[in-house]
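Chemist: Sharing a structure below in structure tokens format, with a few things to ask.
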Amino acid sequence: MVYICRSDERVLTVTVDQSGKGNYTRIQDAINAVPVPGSSSEKVVVNKSKISLIGMSASSTIVTWSGKWTTYGESATLSVLASDFVAGNITFQNTYGRGTPALAARVTRDRAAFYGCRFVSYQDTILDDKGLHYYSDCYAQGATDFIFGPGKAFFEKCHLHSTSTEHGAFTAQGRPAASENSGFSFVECSLTGVEASKSILGRPWRAYALVVFARCNISNTVDPVGWNNWDTPTNERTAFFGQFQCYGEGSKTDGRVNWTHNHLSPAEAKPFLTKEAWVDGKDWIK
Numbered sequence: 001m002v003y004i005c006r007s008d009e010r011v012l013t014v015t016v017d018q019s020g021k022g023n024y025t026r027i028q029d030a031i032n033a034v035p036v037p038g039s040s041s042e043k044v045v046v047n048k049s050k051i052s053l054i055g056m057s058a059s060s061t062i063v064t065w066s067g068k069w070t071t072y073g074e075s076a077t078l079s080v081l082a083s084d085f086v087a088g089n090i091t092f093q094n095t096y097g098r099g100t101p102a103l104a105a106r107v108t109r110d111r112a113a114f115y116g117c118r119f120v121s122y123q124d125t126i127l128d129d130k131g132l133h134y135y136s137d138c139y140a141q142g143a144t145d146f147i148f149g150p151g152k153a154f155f156e157k158c159h160l161h162s163t164s165t166e167h168g169a170f171t172a173q174g175r176p177a178a179s180e181n182s183g184f185s186f187v188e189c190s191l192t193g194v195e196a197s198k199s200i201l202g203r204p205w206r207a208y209a210l211v212v213f214a215r216c217n218i219s220n221t222v223d224p225v226g227w228n229n230w231d232t233p234t235n236e237r238t239a240f241f242g243q244f245q246c247y248g249e250g251s252k253t254d255g256r257v258n259w260t261h262n263h264l265s266p267a268e269a270k271p272f273l274t275k276e277a278w279v280d281g282k283d284w285i286k
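Sequential numbering from 1 applies to the sequence shown in the UniProt record's numbering.
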């Protein structure tokens, strides 16, 4: 399934070939295939590789669905089940609400990239499931564990917004073993929340969870403790939660739990600071 949207800033080339070797067999079909901006209520499953979905803007190109968690990942508005996927300028939203995981997106194959996208739900907004993934200038909103999963992802200049009025969590990474090459790196991102929110940066969904925030603007929506062990003290010996050169009221480390890496050195932080280093981005990120 491919949506190709008009944009003054984009040039799209399609091939019209009556023999069937191009994108279309008639010129009119190619013109008619370009949709206008708007909201679409549907569940999108990307099961073929090298697919791109590009909207005009995330505010005008919206894909929405209301789905609750029944089996693993099935509630997602967008499911990326094939490699080399790109999405740009689209909002993916799950409107189900409270009470169960309700995914806006599940990303479960290698080399998926998102540019200027919005992901909106309440619980478990983005399931970053398997593979290497990149998010640039994106917006993610939720209350509970709203970026979670066992994938390996680099978030660059993204905005994370907590709607929790209790004790939510921005992340719940799920690395199951020390040998697994996964984790979340957030670089030059901003973290905000509703006034009543006191969310933690993250908690370990699996014992070897790995999350680092580097050079991020962290507002006072973040609880001073920063992290928790998900009621499992042994996770404190295996999870890796770190912070490097962050700023903002919520970045202060005086009240952080003492088993996390609250002051990474430049050498310790280096592997997390670029998409090239963290998700091998030199070869596949444009």
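Think of the CB as a built atom: it goes at the ideal place given N, C-alpha and C, for glycine as much as any other residue.
#1: Less than 8 Å between C-beta atoms, sequence neighbours within five positions excluded: which residues of the same chain meet that for residue 271?
#2: Ends of the beta strand (DSSP E) at residue 46?
#3: Consult DSSP for residue 282 and reduce its assignment to one of helix, strand or coil.
#4: Between which residues of its own chain and residue 196 is the CB-CB distance below 7 Å, once the five residues before and five after are set aside?
#5: Beta-carbon separation of residue 192 and residue 221 under 8 Å?
#6: Return yes when the Cβ of residue 46 is within less than 8 Å of the Cβ of residue 91, no when it is not.
#7: Would you mind giving the Cβ-Cβ distance between residue 109 and residue 83, rounded to the nearest angstrom? I have them listed as a contact below 8 Å.
#8: Can you tell me where the beta strand (DSSP E) with residue 105 in it begins and where it stops?
#9: Could you name the residues of the same chain whose beta carbon sits closer than 6 Å to that of residue 114, not counting the 5 residues immediately before and after it, in chain order?
#10: Where in the stretch 93-135 do unbroken runs of the beta strand (DSSP E), each at least 3 residues long, occur, reported from the N-terminal end onward?
#11: Name the residue from 216, 247, 226 whose alpha carbon lies nearest to the alpha carbon of residue 157.
#12: Would you call the CB atoms of residue 104 and residue 131 closer than 8 Å?
#13: Roughly how many angstroms separate the alpha carbons of residue 6 and residue 50, rounded to a whole number?
Modeler: This is what the structure gives:
#1: 277, 278
#2: 44-46
#3: helix
#4: 165
#5: yes
#6: no
#7: 4 Å
#8: 105-107
#9: 87, 135, 138
#10: 105-107, 112-115, 118-120, 126-128
#11: 216
#12: no
#13: Bear in mind that the predicted position of residue 6 carries a pLDDT of just 41, short of 50, making it too unreliable to give a figure here.
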